[in-house]
Amino acid sequence: MTMIIKTRMNGAVAICTVASAVIAYANAPQFKQALEFAEQGLPDNDKGKPVDVVIYIPESYTDITATEVLMPEQIATTTREDVSGDPVAVLVTDDEWSIHGTHYQFIYAKDSVEILADNGQCLAVVNGQSTE
0 MTMIIKTRMN GAVAICTVAS AVIAYANAPQ FKQALEFAEQ GLPDNDKGKP
50 VDVVIYIPES YTDITATEVL MPEQIATTTR EDVSGDPVAV LVTDDEWSIH
100 GTHYQFIYAK DSVEILADNG QCLAVVNGQS TE
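Per numbering that gives the first Met the number 0: the sequence shown ends with 131, consecutive numbering throughout.
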């Protein structure tokens, strides 16, 4: 099933389709993993700033036995200027530009995310004040 993701962030509305999505709240392992990746991917001059997006790409190998690394693990993290405080949730989707990569979108108090089925039925809504 294809899902439609509608986000309101940074004064803009973005709509995209994905095959799967997870909304991870602060007590979820995916939320904790996103924070760990964010910390690893931030340059020193961005430490302490609110995180916007983390893209995680695991290392890839030249052979099926995974003995020779083709590309090492990569983590890219961006920050936001228009928010403060801690994120209330993280939207986790596959990264469409990489093989086996993961895209983590941090959701803050003034953001909202809607996940819809391809027929328009609402599956989940996250407002910045949501906690589950």
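From the three backbone atoms N, C-alpha and C, an ideal C-beta is built for every residue, glycine too.
Every value quoted in this text rests on a predicted model; they were computed, and no experiment measured them.
- What does a CB cutoff of less than 6 Å around H102 pick up in its chain, not counting 5 residues either side in sequence? I54, T92 and D94
- Item | Residue environment, Y60, which counts as buried when at least 16 other CB atoms sit within 10 Å | With fewer than 16 Cβ atoms within 10 Å of its Cβ, Y60 is classed as exposed.
- Task: Compute the Euclidean distance between the alpha carbons of T1 and A23, then round it to the nearest angstrom.
- Result: 19 Å
- Message: Please report the straight-line C-alpha distance between P57 and T64, rounded to a whole angstrom.
- Response: 15 Å
- Query: Any idea which residues DSSP pairs A75 with across the strands?
  - Reply: I54
- So, do the region 68-79 and the region 31-41 have three or more beta carbon pairs nearer to each other than 8 Å? yes
- Message: Here's the rule: buried if 16 or more other CB atoms are within 10 angstroms of the residue's CB, otherwise exposed. What is V124?
- Response: With fewer than 16 other Cβ atoms within 10 Å, it is exposed.
- Query: Which residues mark the beginning and the end of the alpha helix (DSSP H) in which K31 is found?
  - Reply: P28 to G40
- Proximity below 8 Å, CB of V89 to CB of Y107: no
- Query: Between which two residues does the beta strand (DSSP E) containing Q120 stretch?
  - Reply: No beta strand (DSSP E) holds Q120; DSSP gives it neither H nor E.
- Query: Can you give the beta carbon distance from I3 to D117, rounded, assuming they're within the 8 Å contact cut?
  - Reply: D117 and I3 do touch by the CB rule: their CB atoms are close to 7 Å apart, below 8 Å.
- Item | Top-ranked residue by Cα proximity to K173, from F105, G100, R7 and A20 | This structure gives no information on residue 173, because the portion of the chain shown stretches from 0 to 131.
- Item | Coarse secondary structure for N44, derived from DSSP in three states | helix
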